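Worksheet for the structure shown next.
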Amino acid sequence: MCNCIDIQKVDSIVERIGKDPTKAIPVLQAVQKEFRYVPLEVIERIAQTTEMTESQLYGVATFFTQFRLEPVGEKIIKVCHGTACHVGGAEGLTEALEARLGIKDGENTPDMKYTLESVACVGCCSLAPVVMVDEKTYGSLDRKKAAKIIDDLEKAGETG
Ligand code: FES
């Protein structure tokens, strides 16, 4: 097992929620809450200590889009590419954020501060084009405003 995974945290999640195969989803949700993604090492550990199998857990983790199998940055920058945002220039926002962060869509910054990703409609089309940073929504953006979101986050990080 990777050194960065605290195995005791995995075991205590299983103790708290249960070892029965019907608990696969809540166990994986708790794992993701703890580690911000579902590490494969954790799937192996759960399979060793419960009645759930690796293939069952992996199947659940890949079937539901809520689960992530790769590590993510501290902040997840989601650029909406739904229809209204697409028409409003979502492509340009992704390009501006890629340039500002020095990564491509779908990647993490090397310092693991940010993850950039494209998502489907986030449900606030009247504000299109929209970017979400974790749960916060930024609307009516252009390239410049999108890049400024990162500037502001950096400033907030320095002072906060
Ligand atoms: S299309 Fe972007 S919020 Fe609906």
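One point on numbering: in the numbering used here, the residue at position 3 of the sequence shown is 109, and numbering is uninterrupted.
A virtual CB, placed ideally from N, CA and C, is assigned to each residue, including glycine.
These numbers come from a predicted model, not from an experiment.
Grab me the residues of residue i's own chain with a C-beta within less than 7 Å of its C-beta, minus the 5 sequence neighbours each way, in chain order.
| i | result |
| --- | --- |
| Val-133 | Ile-119, Val-120, Ile-123, Ile-152 |
| Glu-160 | Ile-149, Glu-150, Ala-153 |
By the three-class DSSP mapping on this structure, what secondary structure does residue i have?
| i | result |
| --- | --- |
| Val-120 | helix |
| Thr-200 | helix |
| Ser-161 | helix |
| Thr-155 | helix |
Within 10 angstroms of the Cβ of residue i, are there 16 or more other Cβ atoms? Answer buried if so, exposed if not.
| i | result |
| --- | --- |
| Ala-205 | exposed |
| Leu-175 | exposed |
| Ala-262 | exposed |
| Phe-141 | buried |
Hey, residue i and residue j are a contact pair by Cβ (cut 8 Å); roughly how many whole angstroms apart?
| i | j | result |
| --- | --- | --- |
| Val-116 | Val-144 | That pair is no contact at about 11 Å. |
| Ile-113 | Val-166 | That belief does not hold up - the Cβ atoms of Ile-113 and Val-166 are roughly 21 Å apart, past 8 Å. |
Comparing C-alpha positions only, which one of the options sits nearest to residue i?
| i | options | result |
| --- | --- | --- |
| Leu-247 | Val-166, His-187, Asp-211, Leu-207 | His-187 |
| Lys-242 | His-192, Thr-189, Lys-181 | Lys-181 |
| Val-272 | Lys-184, Thr-221, Tyr-220 | Here the chain has residues from 107 to 266 only, and residue 272 is not among them. |
| Asn-214 | Pro-177, Gly-245, Ser-232, Cys-227 | Pro-177 |
| Lys-129 | Leu-146, Thr-156, Val-225 | Thr-156 |
Using a Cβ-Cβ cut-off of 8 Å (strictly less than) and excluding sequence neighbours within five positions of residue i, which residues of its own chain qualify?
| i | result |
| --- | --- |
| Lys-250 | Ala-202 |
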